[in-house]
Each structure stands twice: as structure tokens, then as C-alpha cells.
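2 protein chains.
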Amino acid sequence: MNDLFLRACKRQPVERTPIWLMRQAGRCLPEYRKVREGTDFTTLCRTPDLAVEVSLQPLERLGVDAVIFFSDILVPAEAMGFKIDFVPGPVVESPVRTAADVDRVRVTDPEEGVPFVYEILRNLRRELEGRVPLIGFAASPFTLAAYLIEGQGSRNFEKTKGLFAEDPRTAHRFLEKVTQQTESYLVAQAKAGAQAIQLFDTWAGLLNRDEYREFVLPYATRILDRLKQEDVARIYFALNGAHLMEEVRKCGADVIGVDWRTDLSTAAQALDGPFALQGNLDPCVLMAGPEVIERRALEVLNQAKGLPGHIFNLGHGVLPTTPVEHVEALVRIVQAYRG
Amino acid sequence: MNDLFLRACKRQPVERTPIWLMRQAGRCLPEYRKVREGTDFTTLCRTPDLAVEVSLQPLERLGVDAVIFFSDILVPAEAMGFKIDFVPGPVVESPVRTAADVDRVRVTDPEEGVPFVYEILRNLRRELEGRVPLIGFAASPFTLAAYLIEGQGSRNFEKTKGLFAEDPRTAHRFLEKVTQQTESYLVAQAKAGAQAIQLFDTWAGLLNRDEYREFVLPYATRILDRLKQEDVARIYFALNGAHLMEEVRKCGADVIGVDWRTDLSTAAQALDGPFALQGNLDPCVLMAGPEVIERRALEVLNQAKGLPGHIFNLGHGVLPTTPVEHVEALVRIVQAYRG
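Chains Z and W are the protein sequences, given in the same order.
For the first sequence, our numbering assigns the number 1 to the initial residue and increments by one for each residue that follows.
For the second sequence, our numbering assigns the number 1 to the initial residue and increments by one for each residue that follows.
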């Protein structure tokens with residue numbers, strides 16, 4: 001039983017730094033692309049046998065120290081009545097723009113709305129047989145709401161910020177519903193076998209500190225607080241959050257994910273609290289060869305040396321064009337490192 | 001003669017805060033869209049009469065306190081032998097990936113390579129008749145090089161960062177050439193009538209501090225230093241640069257542009273030097289109505305109160321979908337403000 005990841009999350013002593021990678025199950029793996037040849041993205045997320053298979057691929061090929069279940073951060077929106085197409089980026093059929101739009105949003109039982117999620121987690125936990133811990137995840141309420149307001153990915157999320165500025169009451173009513181749904185979605189993940197939960201705040205970095213304090217932090221914190229009652233390690237990751245560190249430190253997670261922009265020692269100083277840190281090699285470094293990867297990975301490991309808990313990861317997801325041998329090399333390098 | 005903008009750049013007393021807006025000449029103006037109906041983007045940049053016309057439109061409609069000449073940050077690459085199409089985003093015909101690619105890059109006289117730029121500036125300066133100051137600009141060498149390596153806009157700029165990591169010598173050789181070209185491109189802008197020069201570092205925020213220190217700052221600083229010999233105010237703007245502030249402060253500009261993520265008082269504290277600040281209302285706020293715009297603009301103005309020099313601007317360019325009446329309202333609000 002390799003529980004390095006869970007011990008690092010709890011800032012307990014570990015023999016070596018554990019590693020897993022955001023988007024480790026995905027397009028950089030040829031065996032993933034093979035599964036995708038016959039199956040579209042949505043079907044893959046909704047078909048337990050296939051989702052379990054691709055979730056396990058990085059364990060089998062790379063030997064990572066944790067497995068995250070294969071899914072998408074928009075999946076829980078289905079349980080709220082949203083229809084989403086992937087073309088290939090997500091497009092929301094009826095985005096939320098008005099108070100009336102918020103009225104029609106339902107908060108439902110996720111085990112009825114998206115039962116396949118829990119079947120995937122239960123099957124994965126069984127198939128893992130304790131080899132490595134299992135990670136569940138969701139978007140933060142803000143990040144999910146931003147997609148559902150904007151209707152698709154966006155460079156600026158101007159519709160979201162426009163609504164926040166123009167009609168904060170409606171925005172909060174929507175965030176409240178999304179928070180309720182996300183909370184039950186994640187509590188059920190824990191009960192279905194997830195041993196850690198990561199909350200992804202992919203778009204938080206587009207906000208200034210005031211907006212973050214009003215529209216992001218309270219909702220993320222509520223979910224992280226509720227998850228304290230479950231037996232899970234709680235990870236919070238705000239992409240591009242250097243300017244938000246003094247707020248992020250109030251979220252109450254066990255682990256804070258740090259993107260590649262801020263080195264881990266600077267982040268630890270800014271966060272100044274009882275957190276393990278997760279990160280933060282720039283995924284672009286995996287475009288270069290093994291020598292460069294080794295040098296840069298060692299920089300990250302050395303920065304993390306004095307920290308009470310460190311989980312090695314990238315500073316964002318694996319890029320689809322990454323050569324798989326480079327990912328293999330990274331995992332070997334990190335797992336061979338002994339402080 | 002309204003020289004508020006130049007006085008604010010030099011941190012001299014002003015009766016009120018001057019305002020101009022990045023991308024003020026562009027798609028949010030119906031009179032701009034009318035010109036574009038019959039003319040593609042590249043032709044517009046290369047045709048002095050039309051470029052002068054659209055550069056002046058925001059002065060006539062909005063009454064801004066400075067005019068920036070209409071062009072694109074990729075224009076100087078033409079003088080280096082690059083062919084660029086706009087479809088509508090820029091696509092570079094033969095991007096730079098190898099040492100041999102760098103060899104074929106030419107550094108040439110910009111007044112021969114892109115003479116239209118200087119005709120636009122001379123004509124604009126004459127037509128302005130001193131009403132407001134004229135701003136010239138270029139991308140920082142890093143940001144221009146990143147486009148020319150990547151071949152197009154990119155979310156991650158992984159080819160650029162891959163080259164930096166794998167072959168820094170080739171990267172530096174290329175940055176050296178781009179710096180030489182940009183330097184003469186901007187010195188000639190000053191001699192053609194530009195009274196201020198803004199260096200745009202649009203992609204700097206994708207780098208960590210070490211990369212910024214090695215691949216961005218020395219080249220930007222060299223250009224800003226050289227421009228000291230010309231009679232121009234020098235503005236440096238690194239988008240998404242909150243994590244880079246301690247390096248940005250070494251650039252030696254007169255004015256530092258700040259994006260909307262960091263409030264001006266926090267930025268002033270981090271920069272802690274003899275700079276005027278430019279910024280930083282979130283362009284997304286202009287999606288909301290005039291009441292919200294007023295409240296948020298006053299927040300920016302109040303944060304800037306104690307600063308020795310402040311030029312009001314957005315924290316990034318005007319978004320194409322911005323209602324023009326909202327931009328008009330913003331300019332009125334800022335110009336009516338008296339500390």
C-alpha cells in the first residue's frame with residue numbers, strides 16, 4: 001500500500017516525495033487516444049468501464065502515486081439541468097444571464113443525476129486494491145458558475161464579471177445553488193471511495209482580490225469545511241492566483257496547489273499557514289528533453305525541501321502534445337529523489 | 001494644449017487625472033467598424049490616411065487625453081523578413097524554431113522596412129496640432145519573439161518556453177536580434193513625433209520569475225534605457241505581472257502599467273520606486289451600466305490618490321463587444337473627478 005500521497009497531504013513524514021499529474025489521464029497517452037478513437041468525450045465520462053480504464057492508465061504506464069478519476073468539471077452541471085456539448089471545448093446550451101435563468105436551475109441529488117460518477121469511483125477504488133490513493137474532484141462553485149454564465153470557455157469571462165458587477169444579488173443566488181450542488185456532489189464522491197478531493201479554481205486568477213473575496217472564497221471555503229467531516233484530504237488549486245495568496249490562505253484546505261508562476265518557497269511564505277503544497281513544474285518544461293526536465297524538476301524539489309508537506313505535480317495540466325516519454329522521465333526523476 | 005498625460009508621466013502636478021485607453025481605436029467604435037468594412041486589418045495598418053483617421057477617432061468621439069497610433073505589435077517583424085497573415089488572429093508564415101531559423105532573421109532599417117509607420121506618426125503629430133500628446137508603441141522583445149517562435153497566439157506558449165528551456169543560447173541570439181530591431185523601430189518613432197512610448201509585454205505573465213529575469217527584463221530594460229536619450233515618456237506594461245513586480249521595478253521606465261488584478265496601492269507598494277502608474281479598471285466592467293462604471297472607476301481613482309503620478313487606463317485593452325456609450329461614460333467620469 002503506497003500512501004505517500006495521503007501522508008504528504010497531512011504533512012506527515014514520507015520516505016520520498018509523491019507525484020501525480022493534473023490531466024495525467026488524457027491525450028498525452030497513446031493508450032488513451034486509442035480508447036478515444038471509438039468514443040466521444042462525453043460518452044467516455046459517462047461509461048464506467050471506459051472511465052475506469054483510462055483513469056488507471058497513468059498508474060500502469062507511469063507509476064504515479066495517486067489516481068484521479070476521469071471526468072470533467074462540467075459533469076455536475078448535468079445534475080442541475082444544464083445540457084453541455086463538447087465541440088471539442090464545452091458549450092452550454094442555455095447559459096445563465098438573468099434572475100429568471102437562476103430560478104430554473106435545480107439543485108438535485110447527484111447520485112440520481114450523475115450516478116455514473118459514483119459507479120466509476122466505487123469500481124476504481126475496488127480495482128486499485130489499495131495500490132495508491134484515489135482522488136475525486138470538482139470545480140470550485142465560482143469556476144463552474146463562470147462556465148455556466150459565459151456559456152463556454154473565454155479569455156476574459158466578461159459576461160460573468162459583467163453579471164457580478166451589474167447584479168451581484170443574482171450572481172450570489174446562482175453561486176448559492178452551485179455551491180449546494182457541488183457540496184453534495186463531492187460528499188457523495190467521498191462516500192463512494194475518494195480519499196482526497198481537489199477543488200479546481202481554474203478561472204479565479206481572472207478576478208481581482210475584492211471580487212475573489214466576494215464571489216469565490218466564501219463558497220469554496222464552505223465546501224472545504226463540509227468535507228472536513230469526511231475522511232478525505234482536501235486540495236484547493238487556484239490557477240494564476242499569485243495576487244490572491246493572502247485570500248487563498250483563508251480557504252482552510254489541507255493542501256494548496258500552486259501554479260508554475262510562483263516558486264514554492266515564495267508561495268509558502270505568502271500562504272504562511274498549516275498547508276502542504278502541491279506543484280509546480282511548468283507543463284511546458286515537458287516539451288524539452290530529459291536533461292532539462294531533470295534540472296527543472298530538481299529545482300522544484302529543492303525549493304520544497306524545508307516544507308512540511310509537498311506533493312509533486314505540474315503547475316497546470318499535462319499539455320496534449322507532451323511526448324509521453326518525457327512524462328515517464330519526470331515521474332522516474334521525482335521518485336528517485338531523496339532530499 | 002492638453003499636456004496632462006505627459007505631466008502625469010513625469011509625476012508633475014496635474015489639475016485632473018488624464019485618461020486614455022488601450023485599444024481605444026478599434027472595434028468598439030462604430031466609425032472604426034465602418035472603415036474596416038472596406039479594408040482588411042493589414043491594409044489599414046499600412047495605409048497612412050486610414051490609420052491616421054482611426055487613430056483620431058477616439059479623440060473626436062471620446063475626448064481622451066492622449067492618442068496612440070493605430071498599428072499592431074507584429075508590424076516591426078515585417079522589417080525582419082517575417083510574413084504575417086491575420087485570419088483574424090496573427091499567423092506567422094515561417095516561425096523561428098532552430099538556430100538556422102535565427103540565422104535567416106535580418107535586422108534592418110525600419111524606416112525602409114515599414115516606412116508607413118513613420119508617415120502615420122508624422123501626419124498624426126501634425127494633425128493633432130498639439131491638442132493631446134501622441135503615443136508610439138511596440139511589443140517588448142520577449143513578447144514579439146514569443147509570437148515569432150510560436151507562430152500564432154497561444155494559451156501556453158509551450159514552443160517558446162520549450163526553446164528557452166532546451167536551447168537558451170539560440171533563444172538569446174534571437175532575442176538579441178529582436179531587441180536591436182525594436183530599439184531602432186522605437187527610436188525612429190520618437191524622431192517621427194511620438195511623445196511617449198509604451199512597451200507592451202503581453203505574454204510576460206506566463207513566465208516565472210527566473211525566466212522573466214533571464215529572457216525578458218534585460219532586453220526590455222535596454223530599450224527603455226536607450227529611449228532615455230529621446231524626449232519621450234517611457235511606459236512599460238507587463239500583463240498579468242503580479243508575481244513579477246519585484247523584477248518589473250528594475251526596468252527603469254517612467255510609468256508602469258498595472259493590470260486590473262492588482263489594485264494600484266498594492267502595486268505602488270510592491271514597485272516602491274520613482275514611477276507613475278497607469279491603469280487599471282477591468283475592461284469587463286465596461287460591460288455593466290454607467291452606475292457600476294462610476295463606482296468602479298472611483299475606486300481606482302481613490303486608490304491612486306496618494307500616488308505622485310497616475311494615468312487612468314483600463315487594466316487591458318477595450319473589449320470589442322463593449323458598448324461605446326459605456327466608454328464615453330467612463331471618460332466623462334474620470335475627467336470630471338477632482339481628487
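In this text, a Cβ means the ideal position worked out from N, Cα and C, and glycines have one as well.
Bear in mind that the values here come from a model prediction, so they are computed numbers and not experimental data.
Measuring alpha carbon to alpha carbon, tell me which residue in the options is nearest residue i.
i	options	result
H316 (chain W)	W:C284, W:N208, W:A304, W:G289	W:C284
R261 (chain W)	Z:L207, Z:P290, Z:E53	Z:L207
A400 (chain W)	W:I223, W:D210, W:Y236, W:V67	Since the first residue of chain W shown is 1 and the last is 339, residue 400 (chain W) is not available in this structure.
F237 (chain Z)	Z:F200, Z:E15, Z:D272	Z:F200
R33 (chain W)	W:G89, W:R16, W:Q12, W:Q57	W:Q57
Q335 (chain W)	W:E230, W:E127, W:K10, W:L298	W:L298
R234 (chain Z)	Z:A204, Z:R226, Z:L244	Z:R226
D85 (chain Z)	Z:Q152, Z:A79, Z:Y337	Z:Q152
R213 (chain Z)	Z:L244, Z:A196, Z:E111	Z:L244
C251 (chain W)	W:S140, W:T266, W:G162, W:V14	W:S140
T202 (chain W)	W:V258, W:D231, W:T42	W:V258
E111 (chain W)	W:L121, W:P308, W:R125	W:L121
M287 (chain Z)	Z:R125, Z:R131, Z:L319, Z:P30	Z:L319
P274 (chain W)	W:C45, W:R11, W:T47	W:R11
R7 (chain Z)	Z:T47, Z:D65, Z:P30	Z:D65
L144 (chain Z)	Z:K177, Z:E325, Z:D210	Z:K177
V102 (chain Z)	Z:I149, Z:R125, Z:S71, Z:R61	Z:I149
E246 (chain Z)	W:T266, W:R249, W:L128, W:D231	W:T266
H172 (chain Z)	Z:V96, Z:L134, Z:L124, Z:K191	Z:V96
E325 (chain W)	W:L62, W:A196, W:L44, W:P48	W:L62
R27 (chain W)	W:S55, W:E291, W:G279, W:G205	W:S55
A194 (chain Z)	Z:R295, Z:P133, Z:E291, Z:A51	Z:P133
A190 (chain Z)	Z:E211, Z:L217, Z:L163, Z:I223	Z:I223
A344 (chain Z)	Z:V255, Z:V92, Z:R126, Z:L217	In this structure chain Z extends from 1 to 339, so residue 344 (chain Z) is not present and cannot be described.
I293 (chain Z)	Z:I333, Z:T17, Z:G309	Z:I333
V91 (chain W)	W:R106, W:A99, W:I73	W:I73
F164 (chain Z)	W:R296, W:G279, W:A329	W:R296
D210 (chain Z)	W:L264, W:E31, W:P308	W:L264
F256 (chain Z)	Z:T42, Z:L307, Z:Q229, Z:T43	According to the sequence provided, residue 256 (chain Z) is Ile. The question's Phe does not apply to it. Ranking Z:T42, Z:L307, Z:Q229, Z:T43 by Cα distance to I256 (chain Z) puts Z:L307 first.
S94 (chain W)	W:D109, W:P88, W:A77, W:T108	W:A77
G205 (chain W)	Z:K228, Z:T221, Z:N240, Z:L217	Z:N240
P168 (chain Z)	Z:A99, Z:R155, Z:T108	Z:A99
R104 (chain W)	W:G89, W:L29, W:F82	W:F82
D282 (chain Z)	Z:R155, Z:E53, Z:T322, Z:A51	Z:T322
Q303 (chain Z)	Z:P290, Z:N280, Z:E291, Z:G289	Z:N280
A79 (chain Z)	Z:T108, Z:I311, Z:E53	Z:T108
Give the C-beta separation of residue i and residue j to the nearest angstrom, bearing in mind that I take them to be a contact with Cβ-Cβ under 8 Å.
i	j	result
L277 (chain Z)	A270 (chain Z)	The pair is not a contact, with the Cβ atoms about 11 Å apart (cut-off 8 Å).
I19 (chain W)	V331 (chain W)	6 Å
T170 (chain Z)	Y219 (chain Z)	Between Y219 (chain Z) and T170 (chain Z) the Cβ distance is about 15 Å, and since that is not below 8 Å, they are no contact.
F215 (chain W)	L186 (chain W)	At roughly 19 Å, the Cβ-Cβ gap does not stay under 8 Å, so F215 (chain W) and L186 (chain W) are not in contact.
L21 (chain Z)	N313 (chain Z)	6 Å
A242 (chain Z)	A242 (chain W)	5 Å
G136 (chain Z)	F69 (chain Z)	6 Å
P48 (chain W)	N123 (chain W)	6 Å
V232 (chain W)	I197 (chain W)	5 Å
V75 (chain W)	C45 (chain W)	6 Å
L4 (chain Z)	R16 (chain Z)	7 Å
May I ask whether a heavy atom of the ligand GTP can be found less than 6 Å away from the beta carbon of residue i?
i	result
G315 (chain Z)	Judged by which ligands are present, the structure shown has none, so any question about the ligand GTP falls away.
Notebook entry, point to check: When Cβ atoms are compared, which residues of the stretch 278-309 of chain Z fall closer than 8 Å to chain W?
Noted result: D282, P283, C284, V285, M287, A288, G289, V292, R296
Check: If you measure beta-carbon to beta-carbon, which residues of the stretch 199-215 of chain W are closer than 9 Å to chain Z?
Finding: G205, L206, L207, N208, R209, D210, E211
Notebook entry, point to check: In the stretch 226-259 of chain Z, which residues sit with their C-beta less than 8 Å from some C-beta in chain W, listed in chain order?
Noted result: N240, A242, H243
Check: What alpha helix (DSSP H) runs, 4 residues minimum, are completely inside the stretch 198-270 of chain W?
Finding: 217-227, 245-248
Next item on the list: Quick one: which residues of the stretch 109-130 of chain Z get their C-beta closer than 8 Å to a C-beta of chain W? List them in chain order.
Entry: none
Checklist line | Stretch-stretch touch, CB-based, cutoff 8 Å, three pairs: the stretch 34-43 of chain Z with the stretch 116-124 of chain Z | finding: no
Margin query: Counting only Cβ-Cβ distances shorter than 8 Å, please list the residues of the stretch 53-83 of chain W near chain Z, keeping chain order.
Written below: none
Next item on the list: Could you tell me whether the stretch 154-162 of chain Z touches the stretch 183-197 of chain Z, using the rule of 3 or more Cβ pairs below 8 Å?
Entry: no
Next item on the list: Please go through the stretch 107-184 of chain W and give each complete alpha helix (DSSP H) segment of 4 or more residues, from N-terminal end onward.
Entry: 110-113, 115-128, 141-150, 158-166
Note to self: Against chain Z, which members of the stretch 162-192 of chain W pass a CB distance test of less than 7 Å?
What the structure shows: G162, A165, E166
Notebook entry, point to check: Mind listing which residues of the stretch 91-111 of chain Z have their C-beta closer than 9 Å to chain W's C-betas, in chain order?
Noted result: none
Next item on the list: With 7 Å as the C-beta to C-beta threshold (strictly closer), list the residues of the stretch 13-24 of chain W near chain Z in chain order.
Entry: none
Next item on the list: May I ask you to list, following chain order, the residues of the stretch 141-156 of chain W that have a beta carbon less than 8 Å from some beta carbon of chain Z?
Entry: N156
Notebook entry, point to check: Which ranges would you report for the alpha helix (DSSP H) in the stretch 23-98 of chain W if only whole runs of at least 4 residues count?
Noted result: 30-37, 41-46, 48-62, 75-78
Check: Using a beta-carbon distance cut-off of less than 9 Å, what residues from the stretch 262-277 of chain Z approach chain W?
Finding: T262, D263, T266
Check: Going along the chain, which residues of the stretch 308-328 of chain Z sit with their C-beta nearer than 9 Å to a C-beta in chain W?
Finding: G315, H316, L319, T321, T322
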